[in-house]
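Note sheet for the following structure.
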Amino acid sequence: MFSFLKEKIKNAVSKISSKLETGEAKEKAEKVEEKIQEIKEPIEKVVEEKKEIVEEQKVEEKKEVTEEVEEPQVQEVIKEKEEAPVKEEKKVEEPVEEKKGVFSKLKEKITSTSISENEFEESFNELELVLLENNVAVEVIDRIKGDLSKTLVNQVVKRGKIEETILETLKNTIEDVLRTEKIDFLETVKSKKPYIICFVGINGSGKTTTIAKVAKYLQNNNLSCVLAASDTFRAAAIDQLEHHAKKLGVKIIKHDYGADPAAVAFDAIQHAKSKNLDVVLIDTAGRLHSNKNLLDEMKKIIRVANPDMKLFVGESITGNDCVEQAKTFNSTIGLDGVILSKADVDEKGGTAVSIGNVTNKPIIFIGVGQEYEDLKVFDSNIIMKGLGLT
Numbered sequence: 019m020f021s022f023l024k025e026k027i028k029n030a031v032s033k034i035s036s037k038l039e040t041g042e043a044k045e046k047a048e049k050v051e052e053k054i055q056e057i058k059e060p061i062e063k064v065v066e067e068k069k070e071i072v073e074e075q076k077v078e079e080k081k082e083v084t085e086e087v088e089e090p091q092v093q094e095v096i097k098e099k100e101e102a103p104v105k106e107e108k109k110v111e112e113p114v115e116e117k118k119g120v121f122s123k124l125k126e127k128i129t130s131t132s133i134s135e136n137e138f139e140e141s142f143n144e145l146e147l148v149l150l151e152n153n154v155a156v157e158v159i160d161r162i163k164g165d166l167s168k169t170l171v172n173q174v175v176k177r178g179k180i181e182e183t184i185l186e187t188l189k190n191t192i193e194d195v196l197r198t199e200k201i202d203f204l205e206t207v208k209s210k211k212p213y214i215i216c217f218v219g220i221n222g223s224g225k226t227t228t229i230a231k232v233a234k235y236l237q238n239n240n241l242s243c244v245l246a247a248s249d250t251f252r253a254a255a256i257d258q259l260e261h262h263a264k265k266l267g268v269k270i271i272k273h274d275y276g277a278d279p280a281a282v283a284f285d286a287i288q289h290a291k292s293k294n295l296d297v298v299l300i301d302t303a304g305r306l307h308s309n310k311n312l313l314d315e316m317k318k319i320i321r322v323a324n325p326d327m328k329l330f331v332g333e334s335i336t337g338n339d340c341v342e343q344a345k346t347f348n349s350t351i352g353l354d355g356v357i358l359s360k361a362d363v364d365e366k367g368g369t370a371v372s373i374g375n376v377t378n379k380p381i382i383f384i385g386v387g388q389e390y391e392d393l394k395v396f397d398s399n400i401i402m403k404g405l406g407l408t
């Protein structure tokens, strides 16, 4: 699961950090050496000039002493002369010693780096492309970029730690992106009887099979249910749901092909009430999120059935299409959660990372196979592990 995106993120982060490490190190080293030379040259020049002055003074004083001063005075002048250079040399050496400390500090800067805005922008392009190619929503990419920018741009980062810093920031950001309001599905379902759940999505998203998986999950937790075949636009959809109902041993309420979907949902709810069943699971016709007429029909079902929970079922492998579908359904009828089907064959993982953040609705389940038992309660750690960020 998500192995393709995992590998791509790993490679992109490695390239970015390598680029920043190598480019910055070379540039920093050159700048530091230039700075050192700028400081050293005038100091060396001053020292050289001081030495020349001292030598000249020595020659002149020696000449004067020889010509004009008697023997005792010569010794006294020589003594003073010998002491004077020592004192002068001390004055010259003090700043040199002080500057050596500055050189050391400058060289130490080579072990750390500060990344400029331009360097970050240029380097992030590679990671951005990887995320886009793997179905991560633009909103999420912008969030990742913002967090990385705060962590890296104009911040002192130890050289050799850039890759670690990028991965840690990615981990924290994606964890935060996945952190939507959680729903304890079983506890929520037990809060009312019958609890009514309506499933929506487009054709081919695995919606009907997902409903059967949820029915099995409820059975495993000692909760009874009835299925409502409200997808009356396709005769095959009614037959498919009936097939699942027989295999699971649960009741199905169905009408003829072309019947009013809202009426089917209403009858299923009445049946659940009369039989004291725990949950009503309503299947609906798959419809494109861009088809206004079908979405209006969906509103009628919602109005009549008044479901307690509206769940969007989308294929994880369809990427940003799935995210856009969820956004439209959410704005039309107001979703309560998401189920991602076919997550087991999703090598990219962008849908799982993005959909909760974009809709601000939690992922309740993920489908991980074709069997009824292949439905897992969503755990963000599964995503983090799949992306190699744990």
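The numbering used here puts the first residue of the sequence shown at 19, with every later residue one more than the last. Using N, Cα and C, we set each Cβ at its ideal position, and we do this for glycine too. Values in this document were obtained by computation on a predicted structure and should not be read as measured data.
Coarse secondary structure for residue i, derived from DSSP in three states
i	result
V298	strand
V83	Reliability of the predicted coordinates at V83 is poor, the pLDDT of 48 falling under 50, and the value obtained from them is presented with this limitation in mind. If DSSP states are grouped into helix, strand and coil, V83 belongs with the helices.
F217	strand
F383	strand
L409	No answer is possible for residue 409: it lies beyond the span of the chain, which begins at 19 and ends at 408.
L236	helix
V175	strand
E333	strand
V244	strand
K225	helix
S209	coil
Whole-angstrom distance between residue j and residue i, CA atom to CA atom
i	j	result
N378	A253	34 Å
K234	N190	35 Å
T250	F142	49 Å
T228	D194	27 Å
Q343	E157	16 Å
M327	G404	29 Å
H262	F217	16 Å
I256	N238	24 Å
A286	S242	13 Å
K310	G219	14 Å
S359	S132	44 Å
E144	G164	15 Å
Y390	L236	11 Å
G385	F284	28 Å
E112	K176	Here E112 scores only 49 on pLDDT, less than 50, and its place in the model should not be relied on; the value that follows carries that caveat. In a straight line, the C-alpha of E112 is about 32 Å away from that of K176.
S134	V171	5 Å
P279	T206	26 Å
E126	T183	Its pLDDT being 46, under 50, E126 is placed unreliably in this model, and the coordinates cannot settle the point.
F203	V148	34 Å
L313	N29	42 Å
Supposed contact pair residue j and residue i - C-beta distance, whole angstroms, cut 8 Å
i	j	result
I382	V356	7 Å
A323	I300	6 Å
N393	K225	In the sequence as displayed, the identity of residue 393 is Leu instead of Asn. With a Cβ gap of about 13 Å, L393 and K225 do not count as contacting.
S32	E137	Actually they are not in contact, since the Cβ atoms of S32 and E137 sit about 17 Å apart, beyond 8 Å.
T187	T169	5 Å
I351	K317	6 Å
I335	V363	6 Å
I159	L166	Actually they are not in contact, since the Cβ atoms of I159 and L166 sit about 11 Å apart, beyond 8 Å.
Chain D within 8 Å of residue i, Cβ atoms only
i	result
K379	Protein chain content of the structure displayed is limited to a single chain, and chain D is not contained in it.
Cβ neighbour criterion (16 or more within 10 Å) applied to residue i
i	result
N348	buried
E333	buried
V174	exposed
D274	exposed
L353	buried
R321	exposed
V154	buried
K26	buried
N240	exposed
T408	exposed
L245	buried
N445	The structure shown does not extend to residue 445, since the chain spans only 19 to 408, so no value can be given for it.
K265	exposed
S372	buried
beta-carbon residue i near the ligand ATP non-hydrogen atom, thresh 7 Å
i	result
A344	Of ligands this structure carries none, so the ligand ATP is not represented either.
CB of residue i within 8 Å of CB of residue j, strictly
i	j	result
L295	I215	no
I401	L196	yes
V298	A290	yes
T369	V395	no
P380	I201	yes
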